[in-house]
Structure formats: structure tokens, C-alpha cells
Amino acid sequence: MRKIEVLVKPNSRESKIVSYDSEKNILKVNIKERAENGKANKELINFLKKYFKRHVVITKGFNSKKKLIGVE
Numbered sequence: 009m010r011k012i013e014v015l016v017k018p019n020s021r022e023s024k025i026v027s028y029d030s031e032k033n034i035l036k037v038n039i040k041e042r043a044e045n046g047k048a049n050k051e052l053i054n055f056l057k058k059y060f061k062r063h064v065v066i067t068k069g070f071n072s073k074k075k076l077i078g079v080e
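For what it's worth, the numbering used here labels the leading residue of the sequence shown as 9, then goes sequentially.
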């Protein structure tokens, strides 16, 4: 499983990848959903599943803008 740090900006106009810093291994992602009741986390997982075409899980940072995700 590959681990990637993700910096999430919820409540954005659209869900999209803003940038990737390969030196720090940080992916910056805007998410359309608000950060309430886990909506942004669900949207992030669904968005990244479509992007990577692989299974994606949040392993750390469920209540934070900075998350650690695992891509299988």
C-alpha cells in the first residue's frame, strides 16, 4: 500500500487536484463537499478512487485538513 499525504480544502467550487509536491509527497486537493458529518472525507475517497482507479482509504487525519491516505 502506498501512503500519500493529502492536504484537503473542503467547501470548494469543484473537486479537483490542485498540485502535487513530489519532494514532500503532498497532494493538494479541493473538495466540493463541506467538512461536516464526514461528507468531505467520503467525497475525497470517491474522488481519489476515480483518479487513481484503485482502492483508497484514509489511514490518519479523519478530523483534520491534513490526511494520510493509503492507495492499494
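Each residue gets a CB set at the ideal place from its N, CA and C atoms; glycine is no exception.
Worksheet item: Near F60, what residues of its chain come up, given a Cβ to Cβ distance below 6 Å and the 5 sequence neighbours on each side ignored?
Response: Here the question's residue 60 lines up with position 52 in the sequence shown. Hits under 6 Å: V79.
Practice prompt. Write down the C-beta distance between K17 and N38 rounded to the nearest angstrom, noting that I regard them as a contact closer than 8 Å.
Written response: Locating residue 17 in the sequence shown gives position 9, counting from the first residue. Locating residue 38 in the sequence shown gives position 30, counting from the first residue. Yes, they are in contact, since the Cβ atoms of K17 and N38 sit about 5 Å apart, within 8 Å.
Worksheet item: So which of I66, F70, S72 and N71 has the shortest CA-CA distance to M9?
Response: Your numbering for residue 9 matches position 1 in the sequence shown. Among I66, F70, S72 and N71, the Cα nearest to that of M9 is on I66.
Item to complete: Grab me the residues of E22's own chain with a C-beta within less than 8 Å of its C-beta, minus the 5 sequence neighbours each way, in chain order.
Response: Mapped onto the sequence shown, residue 22 falls at position 14. So the qualifying residues of the chain are N38 and K40.
Fill in: Paired residues, beta bridge with K61 - DSSP
Position 53 of the sequence shown, counted from the first residue, corresponds to residue 61. The partner list for K61 (beta bridge, DSSP) is empty, contrary to what the question assumes.
Worksheet item: Bridge partners of G78, per DSSP?
Response: Numbered from its first residue, the sequence shown carries residue 78 at position 70. Its beta-bridge partners are K11 and V65.
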